[in-house]
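To start, the structure itself, in structure tokens.
Number of protein chains: 2
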Amino acid sequence: MDRRAEDGVGDGVGDDDRIELRLWLRLFAAAGLMETRVRRHLKRRFGATLPRFDVLAQLHRAPPEGLTMGELSRRLMVSNGNTTGLVERLAVEGLVERRPDPGDRRVQRVRLGRAGRELFERMVPENRRWISDMLAGLDSDETEQLCRLLGRLKQSVLESNE
Amino acid sequence: MDRRAEDGVGDGVGDDDRIELRLWLRLFAAAGLMETRVRRHLKRRFGATLPRFDVLAQLHRAPPEGLTMGELSRRLMVSNGNTTGLVERLAVEGLVERRPDPGDRRVQRVRLGRAGRELFERMVPENRRWISDMLAGLDSDETEQLCRLLGRLKQSVLESNE
DNA sequence: CGGCGATGTTTTATGCTTAAACTTTCCCGG
DNA sequence: CCGGGAAAGTTTAAGCATAAAACATCGCCG
Numbered sequence: 005m006d007r008r009a010e011d012g013v014g015d016g017v018g019d020d021d022r023i024e025l026r027l028w029l030r031l032f033a034a035a036g037l038m039e040t041r042v043r044r045h046l047k048r049r050f051g052a053t054l055p056r057f058d059v060l061a062q063l064h065r066a067p068p069e070g071l072t073m074g075e076l077s078r079r080l081m082v083s084n085g086n087t088t089g090l091v092e093r094l095a096v097e098g099l100v101e102r103r104p105d106p107g108d109r110r111v112q113r114v115r116l117g118r119a120g121r122e123l124f125e126r127m128v129p130e131n132r133r134w135i136s137d138m139l140a141g142l143d144s145d146e147t148e149q150l151c152r153l154l155g156r157l158k159q160s161v162l163e164s165n166e
Numbered sequence: 005m006d007r008r009a010e011d012g013v014g015d016g017v018g019d020d021d022r023i024e025l026r027l028w029l030r031l032f033a034a035a036g037l038m039e040t041r042v043r044r045h046l047k048r049r050f051g052a053t054l055p056r057f058d059v060l061a062q063l064h065r066a067p068p069e070g071l072t073m074g075e076l077s078r079r080l081m082v083s084n085g086n087t088t089g090l091v092e093r094l095a096v097e098g099l100v101e102r103r104p105d106p107g108d109r110r111v112q113r114v115r116l117g118r119a120g121r122e123l124f125e126r127m128v129p130e131n132r133r134w135i136s137d138m139l140a141g142l143d144s145d146e147t148e149q150l151c152r153l154l155g156r157l158k159q160s161v162l163e164s165n166e
């Protein structure tokens, strides 16, 4: 009944906290909006999902011998178990190839199959256009500024311990 | 075979596309990093998850008679089915109360229980500190600029049709 | 050699998320 | 009345995600 400090119009706390929270909420909202759009486009045009697209993108830029599961997980910034499932589904669809490493029997190597490569290369220009459309309201100065500040933000988050 | 424009060092396309893609990737990465941290903190300190926190936050700022399932879904920007499951789990834990609307038998009203209110009010200051820590590397000018540009970005995404 | 800690991957349990199908209830025009 | 949409919510099937435990293999030290 008498709590309102965190509801947006209170004034008992310094503005720093307020603007930081707002930044976080806006970041979250903007990223979510864009992600939802990209996901919808991917599904509609290619019957694909964002995580699958990310896997294809990583494998596309990987050396021809492919990546280990662990390396792929690290690059996708997801858990190992998650990667196992993603690659499994992509392998069933014939988009990626998975084979044991000859030198180390613990290791699985994954690389893009022909179908996966072709699909990804059809996706790239469309993806670029979707992003471009969503950023059309920003002029090139704003785009550059925002890109720079997001880099600084990422750095700040990584430097904050734990 | 001869496609390489999107791999990062090609030169056939204007820089605009490149910086826009980079902006998107950085936004995605930064938001994901922060989200992961917040999720970990929530779990460690309160055994809670981010979606649950979001539900509590929406109910906390709602009128005392609570929200309908549909209104809650809209505010959380998630599907109705998702909300059903979330509220179900929170109700089992005794944090929220769900009761049929007397006027319209299709409608369920949800509101914060005492335990839910107390839990949320313990979460708020800690959440604020986590965010603050992650933004510690930005000075107040950068924070304000970034917040402003994220607002512009959100606007741009919403204005891009479809 | 033989054990043992380190490393790479999968499995398991749980939870979040959506789209689409479905159920129930409301309301409105005949 | 009543018949047919429209609206509110739930269920279902599939996928994504994590942490933690289990499993398999490696490399090394004694």
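Protein sequence lines correspond, in order, to chains L and U.
Start counting at 1 in the first sequence, then tack on 4, and there's your number in the working numbering.
Start counting at 1 in the second sequence, then tack on 4, and there's your number in the working numbering.
In this text, a Cβ means the ideal position worked out from N, Cα and C, and glycines have one as well.
Checklist line | Own chain partners of U:F57 with C-beta closer than 7 Å, once the 5 adjacent residues on each side are dropped | finding: Taking the second sequence and counting its residues from 1, the one referred to as residue 57 of chain U is at position 53. Once the five neighbours on either side are set aside, the close Cβ partners of U:F57 are L46, M127.
Notebook entry, point to check: For chain U, is any of its Cβ atoms less than 8 Å away from the one on L:F4?
Noted result: Residue 4 of chain L is absent from the model: chain L starts at 5 and stops at 166.
Checklist line | Outcome for U:S160 when other beta-carbon atoms lying within 10 angstroms are tallied against a minimum of 16 | finding: Translated into the one-based positions of the second sequence, residue 160 of chain U becomes position 156. U:S160 comes out buried.
Note to self: Taking the alpha carbon of L:R79 as the reference point, which residue from L:V59, L:A35, L:P67, L:E92 has its own alpha carbon closest?
What the structure shows: Indexing the first sequence from 1 puts residue 79 of chain L at position 75. Nearest C-alpha to L:R79: L:V59.
Check: Which whole-angstrom value is the C-beta distance of L:V114 and L:L71, which I expect to be below 8 Å?
Finding: Here residue 114 of chain L is taken as the residue at index 110 of the first sequence, counted from 1. Here residue 71 of chain L is taken as the residue at index 67 of the first sequence, counted from 1. 6 Å between Cβ atoms; contact.
Check: Taking Cβ-Cβ distances below 8 Å as the criterion, which residues of the stretch 140-159 of chain L are in contact with chain U?
Finding: A140, G141, L142, S144, E146, T147, E148, Q149, L150, C151, L153, L154, G155, R156, L157, K158, Q159
Item checked: Cβ contact (3+ pairs, closer than 8 Å) linking the stretch 22-30 of chain U and the stretch 105-113 of chain U -> no
Next item on the list: Confirm, please, whether the CB-CB distance from L:L54 to U:L196 is below 8 Å.
Entry: Here chain U comprises residues numbered 5 to 166, so residue 196 of chain U is not present and cannot be evaluated.
Check: For U:R26, which option in L:L37, L:L94, L:Q149 has the closest C-alpha, if you only look at C-alpha atoms?
Finding: Counted from its first residue, the second sequence places residue 26 of chain U at position 22. The option with the nearest alpha carbon to U:R26 is L:Q149.
Next item on the list: Could you pull out every residue in the same chain whose Cβ sits closer than 6 Å to the Cβ of U:V168, ignoring the five residues on either side in sequence?
Entry: Because chain U in this structure spans residues 5 to 166, residue 168 of chain U falls outside the shown range and cannot be described.
Next item on the list: Could you check which residue in U:E130, U:L123, U:P67 has the C-alpha nearest to that of U:R44?
Entry: Position 40 of the second sequence, counted from the start, is the residue given in the question as residue 44 of chain U. If we check each option's Cα against that of U:R44, U:E130 comes out closest.
Item checked: Amino acids of chain U, ordered along the chain, whose beta-carbon sits closer than 7 Å to that of L:E24 -> As a first step, residue 24 of chain L must be located in the first sequence, where it is residue number 20. Within 7 Å Cβ-Cβ: I135, S136, L139, T147.
Check: Closer than 8 Å, CB to CB, is U:D105 near chain L or not?
Finding: Position 101 of the second sequence, counted from the start, is the residue given in the question as residue 105 of chain U. With 8 Å as the cut-off, U:D105 does not count as an interface residue toward chain L.
Next item on the list: Starting from L:E163, find everything on chain U with Cβ-Cβ shorter than 7 Å and list it in chain order.
Entry: Counting from one through the first sequence, the residue named residue 163 of chain L turns up at place 159. Within chain U, the residues near L:E163 are G141.
Next item on the list: Determine the chain L residues that contact U:A119 at a beta-carbon separation under 8 Å, and present them in chain order.
Entry: Sequence index remark: in the second sequence, residue 119 of chain U carries index 115 (1-based). Within 8 Å Cβ-Cβ: nothing; U:A119 doesn't reach chain L, min ~16 Å.
Next item on the list: Identify the contact partners of L:A95 in chain U, using a Cβ-Cβ distance below 8 Å as the criterion.
Entry: The sequence position of residue 95 of chain L within the first sequence is 91, counting from 1. Per Cβ cutoff of 8 Å: no residues; L:A95 is ~23 Å from chain U at best.
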